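A short write-up of the structure that comes next.
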Amino acid sequence: MKPLEKIMAAAKRLNKKIALPEVDDPRILEAACKAVERGLARIALVGNGETISARCAQLGLTLPASIETEDPQNSPLLSELVALYFKLRKHKGITEEDAARIAREPHVFAALMVKAGHADGTVGGAHHSTADMVRTAIQVIGPAPGTRLVSSFFLMLMEAEHHPKKGAFIFCDPALVIDPNPGELSKIAIAAAHSFDVLTGETPKIAMLSFATRGSASHPSVDKVEAAVKLVKLNRPDLLVDGPMQFDAAFVPEIARAKGAGEPLGGEANIFIFPNLEAGNIGYKIAERIGCATAVGPVLQGLAKPANDLSRGCSAEDVLDMIAVTACQVDAHL
């Protein structure tokens, strides 16, 4: 099975409930219908039921009867979720009146459903910015116990005939942590290893990337990556990790040997930790647009319960992929 097929199969077995706001978007509605039809997840649409039905009819979509709708304006859950939001945010000066207003915003309502246990995860971002989605996820759902760092990754799928290697790879962090220090970089790497294991079931092999391989150049940015590698090894000696290293030494066995990086990865890394967001964002877009890899994400890691972002240029199939990924994250968060 291809990596994405494995994720879809796992999502079917798990049968989790995913809350989707942004129900005025045809891509969201199409993905919701397909998710239920394919048995990938149970779906709760956050919006007015009559409006959703009318919009589906207009689009020629048949809304499965099993799809739930929760109208943030008059849902039976509203009083509970307003109270929950007030409890979570009153220390920031949020009043009860503020909470009653903010909790009715569909993406906030969806996150509150996850926090309260009325849904297992949420996916949004077709209209909202990454900043809005991530801020809400952190404020409402919160970081996982034992970590305060929420980061992101793209699951890069290389399945085309021209790809020299086939399979799933993780690129991170391309969307959240702008310039991580060594400690943050090590935490991103450890979280990525967990995410890779959850989504693929394969052994994580982590390359900490830089413009130099194993001391071939001296610079503070290289030193940062070297310090991060030491922290990963200290905190998780069970993980296969190496760096600082250039991408070619991490990806091509012959170059790894030539550059003295034959062990422990041997040019077979499947997780690539970029030294900062700038490099990660550029790197994944090059792989996607020139290399024609399929990029699924950005996927968030480090939250107590899953909430994931969408690109505003996403397709219905992209939404469907993210629903499946989110379902797989439910019982496996850090």
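In our numbering, each number is its position in the sequence shown, counted from 1, plus 3.
Just so it is clear, CB atoms sit at the ideal spot from N, CA and C, and this is done for glycine as well.
Given the structure is predicted, the values throughout are model-derived calculations rather than measurements.
Cα-Cα separation between residue i and residue j, rounded to whole angstroms
i	j	result
C331	C317	20 Å
R16	L48	21 Å
D241	V322	34 Å
K190	V180	11 Å
A12	L43	8 Å
H94	I144	16 Å
L188	D226	12 Å
D182	K9	33 Å
L23	G127	6 Å
D245	G149	25 Å
I21	I258	43 Å
A310	T329	7 Å
E53	D28	15 Å
A335	L313	21 Å
A102	F89	5 Å
S78	R107	10 Å
C36	P223	51 Å
D251	A307	35 Å
Contact belief for residue i with residue j at Cβ below 8 Å, rounded distance in angstroms
i	j	result
I173	I274	5 Å
G269	F254	Rounded, the Cβ-Cβ distance is 11 Å, inconsistent with contact.
V333	D200	Going by Cβ atoms, the distance from V333 to D200 rounds to 15 Å, so no, they are not a contact pair.
D176	S154	5 Å
E162	K5	6 Å
L87	K118	6 Å
L32	L62	6 Å
Q249	F214	7 Å
L243	P185	No, L243 and P185 are not in contact; Cβ-Cβ is about 19 Å, not under 8 Å.
Cross-strand partners of residue i (DSSP beta bridge)
i	result
Q249	Answer is none; Q249 lacks a bridge partner.
F275	F174 and A210
D312	G127
K20	R45
L306	P146
Nearest candidate by alpha-carbon position, reference residue i, set the options
i	options	result
R45	G300, A134 and P67	P67
A290	D324, K168, P309 and K236	K168
H165	L7, P301 and G294	G294
M136	V328, E257, E100 and R315	R315
R151	A140, L160 and A196	A140
V85	V26, K288, R104 and R260	R104
A261	G286, R217, P223 and Q304	R217
Chain C contact for residue i (CB, 8 Å cutoff)
i	result
N18	Absent here is chain C; the protein component of the structure consists of one chain.
*Could you name each continuous beta strand (DSSP E) segment of 3 residues or more that falls completely within the segment 102-177, going from the start of the chain to the end?*
As far as the segment 102-177 is concerned, its whole beta strand (DSSP E) runs of at least 3 residues are 124-127, 154-161 and 170-175.
*alpha helix (DSSP H) runs wholly inside the segment 59-101, at least 4 long, in chain order*: Runs of the alpha helix (DSSP H) lying entirely within the segment 59-101 and spanning at least 4 residues, in chain order: 81-92.
*Ranges of the beta strand (DSSP E) found wholly within the segment 194-239, counting only runs of at least 3*: Complete beta strand (DSSP E) runs here, min 3: 208-212.
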